[in-house]
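2 protein chains.
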Amino acid sequence: MKAVVPFKVVNAKSRLSTLLTLEERTKLAMLMLDDITGVLKEAGLGIVLLTTTPFSYDAEIVVSEKDLNSALNDFLKAETEPVMIVMADIPLISLKNVRDILNSTADLIISPGRGGGTNIQYIKDPQRYHVDYYGASFLDHVHIAEENGLSVEVFDSFNASTDIDETYDLVELYIHGKGEGAKYLRTFTALDVSKGRVRVVREDAHKITPQHMPGKYVATE
Amino acid sequence: MKAVVPFKVVNAKSRLSTLLTLEERTKLAMLMLDDITGVLKEAGLGIVLLTTTPFSYDAEIVVSEKDLNSALNDFLKAETEPVMIVMADIPLISLKNVRDILNSTADLIISPGRGGGTNIQYIKDPQRYHVDYYGASFLDHVHIAEENGLSVEVFDSFNASTDIDETYDLVELYIHGKGEGAKYLRTFTALDVSKGRVRVVREDAHKITPQHMPGKYVATE
Numbered sequence: 316m317k318a319v320v321p322f323k324v325v326n327a328k329s330r331l332s333t334l335l336t337l338e339e340r341t342k343l344a345m346l347m348l349d350d351i352t353g354v355l356k357e358a359g360l361g362i363v364l365l366t367t368t369p370f371s372y373d374a375e376i377v378v379s380e381k382d383l384n385s386a387l388n389d390f391l392k393a394e395t396e397p398v399m400i401v402m403a404d405i406p407l408i409s410l411k412n413v414r415d416i417l418n419s420t421a422d423l424i425i426s427p428g429r430g431g432g433t434n435i436q437y438i439k440d441p442q443r444y445h446v447d448y449y450g451a452s453f454l455d456h457v458h459i460a461e462e463n464g465l466s467v468e469v470f471d472s473f474n475a476s477t478d479i480d481e482t483y484d485l486v487e488l489y490i491h492g493k494g495e496g497a498k499y500l501r502t503f504t505a506l507d508v509s510k511g512r513v514r515v516v517r518e519d520a521h522k523i524t525p526q527h528m529p530g531k532y533v534a535t536e
Numbered sequence: 316m317k318a319v320v321p322f323k324v325v326n327a328k329s330r331l332s333t334l335l336t337l338e339e340r341t342k343l344a345m346l347m348l349d350d351i352t353g354v355l356k357e358a359g360l361g362i363v364l365l366t367t368t369p370f371s372y373d374a375e376i377v378v379s380e381k382d383l384n385s386a387l388n389d390f391l392k393a394e395t396e397p398v399m400i401v402m403a404d405i406p407l408i409s410l411k412n413v414r415d416i417l418n419s420t421a422d423l424i425i426s427p428g429r430g431g432g433t434n435i436q437y438i439k440d441p442q443r444y445h446v447d448y449y450g451a452s453f454l455d456h457v458h459i460a461e462e463n464g465l466s467v468e469v470f471d472s473f474n475a476s477t478d479i480d481e482t483y484d485l486v487e488l489y490i491h492g493k494g495e496g497a498k499y500l501r502t503f504t505a506l507d508v509s510k511g512r513v514r515v516v517r518e519d520a521h522k523i524t525p526q527h528m529p530g531k532y533v534a535t536e
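The listed protein sequences correspond, in order, to chains G and Y. Every position in the first sequence, counted from 1, becomes a number in our numbering once 315 is added. Every position in the second sequence, counted from 1, becomes a number in our numbering once 315 is added.
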């Protein structure tokens, strides 16, 4: 079974540019992609990377210059087996998450992103579905499924709902991340807990001490 | 078994004041509290409302003028049975969520909030634990548990991780909420999907049509 991961090669994660350089953003995006595809592969899925630019990666590469929705819908039209569509910026996703999704029985399993978005869709019959990302895509996807008579299950996961898009999202990666992307981020940033809202900063001020960091508490796997 | 819910009676949800009037905030906070305590009661838990101001509510009321941490730790010190601490602003929490938490076996089950926070803690032995909210409380709580030799499980739920604190959090309530708080919010607000990021607004512009709204897609219960 295939997992399609749309990936922006050029100027990746541009909304993180207020905190990270282009080089850092590119490296972080690549490491998050590795973390995500690693988990998907471990769950037995074949990776399809959907890009707008030719790109060397250990996966089936599909290059399309179309917009995200058209490119994905072209792909779905040609598929007869179930397909999972996974965003490339959800690095907290765990093997248990992927297995739980694969074990669900609905026609569409959808994992919401924050702010009305859609982070994962597991589509049992791609011929009876199409995607419509951007805006409140969660509602659009549920609507499309209902119009096509498909049963829908909402996948209730903090990990899967956490997309790293804006600089304040980096707090989730810093605190909860267990993969290489999170490790990289922690090498040159710190948590600032001085002013109410927790932020990831470049300075060492108010750095959380190592004994506070994620360790043996992880019991979800 | 008891579920303790800290609840701010006066000037509730003040950070929503850029969008909601005091009256609307107060009503929304009450309805969200009802939604949450309703689910907790359905799961068989006795509700303890922790407030700074005397308040009439169908629950055991504990009034303390101390700060949140001191008031909660006073409470924990007097308890010998397991205790669940539940924030009053997580209205997406479902009966399945509460049952899953109750069925977990770790000494501490902790549900992260966004931005390093802690939304739910299920403490098997209150005598061996204390709380430390504010800042990156998730890390602090994990640290406290480890220092006390307690096993920790992170509860991975989008519902439980969604706290309604800032106006942009209202998008989650508007889109995913199934309780009375969400219904009330939808009576006088709309979703604005016109400018990239989805927002809850007071105007009727770009209103999502009724057929897009949450309906029969809910399959998580």
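Beta carbons are placed, not taken as given, at the ideal position from N, Cα and C, and that holds for glycine.
The alpha carbon of K317/G has as its nearest neighbour, out of F370/G, Y437/G, L423/G and G432/G, the alpha carbon of Y437/G. In the DSSP secondary-structure assignment, G361/G is bridged to K317/G. Residues of the same chain with a CB within less than 6 Å of the CB of F453/Y, apart from the 5 flanking positions on each side, are P427, G431 and T433 in chain order. If you check the CB distance, P321/G and L383/G come in under 7 Å. Annotation for Y499/G: the continuous alpha helix (DSSP H) segment containing it runs E495 to F503.
F473/Y belongs to the set of residues whose beta carbon lies under 7 Å from a beta carbon in chain G. For chain G, none of the residues of the segment 397-416 of chain Y brings a beta carbon within less than 7 Å of one of its beta carbons. One finds V508 and V513 in chain G with Cβ atoms closer than 7 Å to the Cβ of G450/Y, taken in chain order.
When 9 Å is used as the limit between beta carbons, V486/Y is near these residues of chain G: R429, G430, G431 and A451, in chain order. The shortest C-alpha to C-alpha distance from A327/G to any of K381/G, I479/G, I400/G and K439/G is the one to I479/G. Boundaries of the alpha helix (DSSP H) harbouring L387/G: L383 to K392, taken from the DSSP string. Here P441/G is buried: its Cβ has 16 or more other Cβ atoms, across all protein chains shown, within 10 Å. Contact of S329/Y with chain G is not assigned, every C-beta pair being separated by 7 Å or more.
The residue from E396/G, L343/G and A497/G with its alpha-carbon nearest to that of G361/G is E396/G. Looking at the DSSP output, M399/Y sits in a beta bridge with A318/Y and Y437/Y.
The residue among V363/Y, L387/Y and T367/Y with its C-alpha nearest the C-alpha of D373/Y is V363/Y. In this structure, E468/G is the residue among E468/G, K342/G and Y448/G with its C-alpha nearest to the C-alpha of D422/G. Taking all protein chains in view, the Cβ of S409/G is crowded by 16 or more other Cβ atoms within 10 Å, so the residue is classified as buried.
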